[in-house]
Every structure is written in structure tokens, then in C-alpha cells.
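Trainee:
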Amino acid sequence: MNKNGVGNYKKRGMAKEIMRRLMKNKMAVAGLVIITILILLAVFADVFIDYEKDVVAQDIPNRLQGPSAEHWCGTDEFGRDIFARLVYGSRVSLLVGVVAVVVALLIGGILGAVAGYYEGVLDNVIMRVMDIFLAVPSILMAITIVAAFGTNLIYVMIAIGISGVPGFARIVRAAVLSVKDQEFVESSKAIGAANITVIFREIIPNCMAPIIVQATLGVAGSILSTASLSFIGLGVQPPSPEWGAMLSGGRNYLRDATHLTLFPGLAIVITVLALNLLGDGLRDALDPRLKQ
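Below, the structure is given as C-alpha cells:
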């Protein structure tokens, strides 16, 4: 078997071992199941829900109805089906969560890798800039960016992504510092590999464990930030469904129609909890110190 074949075999064996350890964690499996169900609902929502009829169109005579066989989660103040809006709202929340994390990972990952690899003055400058960003609460930074550029969904994703850059930069920098002096990195340098090749082909692939965990938890934080922005009117705009906006719309009916805020709140709590459980499980599965 050639070198690549041995490497691929080892990678498959490692992935299998990580999956085995993850499956032993019941809470992580529960989180994975919940996230999988949410993704399937979001992807196939058009198959069993009529967007124009159930999600957007108003039906005033049937407003503020409680949960029933026809409307599993009741109807909102405009007579729209809450369950249908929750399903379509999951598309927005998951999309923003994933895109925001990708933006934060790309920018923060590159900055953190460069700072950790080169150290010295460059490291000091980059990390001091990150410290300035960390001094500003992430939600406040997101509010500032959205307020300045507009409430378009793209700006919301960029704003939340930028607010997450310092966290990824610090995580990647710490991981790079722990790997950069190992033998395989020195060997790559000895044969004349360029610095960028060493960083992205040798160091980063061996730092993926903390990055994956941070990304999982980052999606949960991004979903909360999206809901917060929408709650105060700076996120997704009506009539598009979004969990935070649904909470905001239902707060005036807490006494008479509790279900307007109960179900969107549960959707946020369950999704964030599932992502946190999955992130904790991945952390344990990827930690070589827990390997038996």
C-alpha cells in the first residue's frame, strides 16, 4: 500500500474511532438527532407546507387560536400557522448560524494562524486588535453594523460573523502554537515548503479538533444573536418568519395567547441546547486524552 493509501486508511480509522466515542455519549447523540431533524424539516419544508398560504397569508378570523389538530402550535395575531412559521424560521436561523460561523472562521482562522505561526510583532499587533474587538460585547457590535448598513439578511450574517472573529482567532492561534514546533512541521520546513503551505497543509489539519468544537458552539451563539437582533427589529423583517421576530410579535399577547411566545422560545432553547450538547460531545470525542 502506498503512502497515500496508508494515510487514508489511518484517517478512516480515526474518523471511525471518533464516531464510536461520540455515539457512546447519549446526550451528544440526542443533540445530533435534534439537529438532524431540524435540518431535514428546513430542507423539505416546501414539500408539506404551503409558504404563501400557511406562512405569509393573513387569516384574521382564525387569529390567536390555541394548539389544535389543524394548527399544531396554534395561530398568531394574524391567523398564520405558528408551526409552519417555526419550520420556515428554522431555515433562517440555521442559515445565518452556519454562514456567520463560516465568515468568523475564515477571517479569524487566517488571522489566528498567521499570528500563531509568525509570533513576534505581527502576533502582538493582530492579537491586540482582537482584544479591542473583544472589549466590545458581540451583540452590541452586531447591532452597530446592522444599524449602519441595513437590516438585509446578508448584513445580519456578516455582522454576526464579524462579531465572532476574535473568538476563532484566539482558538486557532492557541492551536497553532501547540503544533508548530512538532517534528512533522520542522520536516516540512526542512524540505523547503513555503510558509503558507506549512500553515494550511501541515498545521491547520492537525488543529481541527478545537476548531470544530468552537464552530459547533458558534452556530448556537449565532442563532441566539440572530433571534436577539430580530427581537429588537434589526434582524429579519416581517412577514418573513424568524424565531426572534415571532417572540417579539407575541409579547403583547402573553396573558391571552401564551403559545405565541412559548413555541418560538422552545424552538430557540431546544436548538441551542442541542448544538451545545453536540459541541460538548465532539469535544470529548476529539480529545485524545480521553481515548481508551
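Reading the sequence shown from the start, the letters are residues 116 to 407 in this note's numbering. All residues carry an ideal CB built from backbone N, CA and C; glycine is no exception.
1. Please confirm if the region 146–157 is in contact with the region 370–390, defined as three or more CB-CB distances below 8 Å between the two stretches.
2. Near residue 396, which residues of its chain fall below 8 Å by C-beta distance, leaving aside the five closest residues on each side in sequence?
3. Which of the three DSSP states, helix, strand or coil, is assigned to residue 371?
4. Assuming residue 271 and residue 211 are in contact, meaning their beta carbons sit under 8 Å apart, how far apart are those beta carbons, in whole angstroms?
5. Run through DSSP, which three-state label would residue 190 get?
6. Using only the alpha-carbon positions, how far apart do residue 333 and residue 256 sit?
7. Looking at the structure shown, is residue 196 part of a helix, part of a strand, or coil, going by DSSP?
8. Determine the DSSP secondary structure at residue 132, reduced to helix, strand or coil.
9. For residue 131, count neighbouring C-beta atoms within 10 Å of its own C-beta (all shown protein chains included) and say buried if the count is 16 or more, exposed if not.
10. With burial defined as no fewer than 16 other Cβ atoms inside 10 Å of the residue's Cβ, what is the status of residue 288: buried or exposed?
11. Report, in whole angstroms, the separation of the C-beta atoms of residue 338 and residue 290, which I expect to be a contact under 8 Å.
12. Considering only C-alpha positions, which residue in the set 200, 134, 279, 300 is nearest to residue 222?
13. Please report the distance separating the alpha-carbon of residue 384 from that of residue 252.
14. Please classify residue 251: does DSSP put it in a helix, a strand, or coil?
15. Reducing DSSP to helix, strand and coil, say where residue 349 ends up.
16. Does the structure place the region 314–329 close enough to the region 164–176 that three or more beta carbon pairs sit under 8 Å?
17. Report the option in 268, 362, 286, 135 whose CA atom is closest to the CA atom of residue 215.
18. For residue 191, which residues in the same chain have their Cβ closer than 6 Å to its Cβ, ignoring the five residues on either side in sequence?
19. Taking the alpha-carbon of residue 224 as reference, which of 341, 314, 354, 293 has the nearest alpha-carbon?
20. Suppose you measure from the CA of residue 284 to the CA of residue 245; what does that come to, to the nearest Å?
21. Which residues in the same chain as residue 342 place their Cβ atom closer than 6 Å to its Cβ, once the five residues preceding and following it in sequence are excluded?
22. Got a sec? Which residues, its chain only, sit under 6 Å from residue 160 by beta carbon, not counting five neighbours each side?
23. May I ask you to report which of helix, strand or coil DSSP gives residue 164?
24. Between the C-alpha atoms of residue 318 and residue 349, what's the straight-line distance to the nearest angstrom?
Mentor: Answer, in terms of the structure:
1. Contact holds: three or more Cβ-Cβ distances are below 8 Å.
2. Contacts found: 137, 140, 142, 143, 144, 146, 147.
3. In this structure, residue 371 counts as coil in the three-state DSSP scheme.
4. 6 Å
5. strand
6. 16 Å
7. strand
8. helix
9. exposed
10. buried
11. About 25 Å separates the two Cβ atoms, so there is no contact after all.
12. 279
13. Going by the C-alpha atoms only, they are around 21 Å apart.
14. Secondary structure of residue 251 (DSSP, three-state): coil.
15. coil
16. Taking a cut-off of 8 Å on C-beta distances, the region 164–176 does not touch the region 314–329, as fewer than three cross pairs fall below it.
17. Nearest C-alpha to residue 215: 268.
18. 197, 375
19. 314
20. Residue 284 and residue 245 have their C-alpha atoms roughly 8 Å apart.
21. 358, 359, 383
22. Here residue 160 has 202, 203 as same chain residues with Cβ atoms under 6 Å from its own Cβ, once five neighbours each way along the sequence are excluded.
23. coil
24. In this structure, the alpha-carbon of residue 318 lies about 39 Å from that of residue 349.
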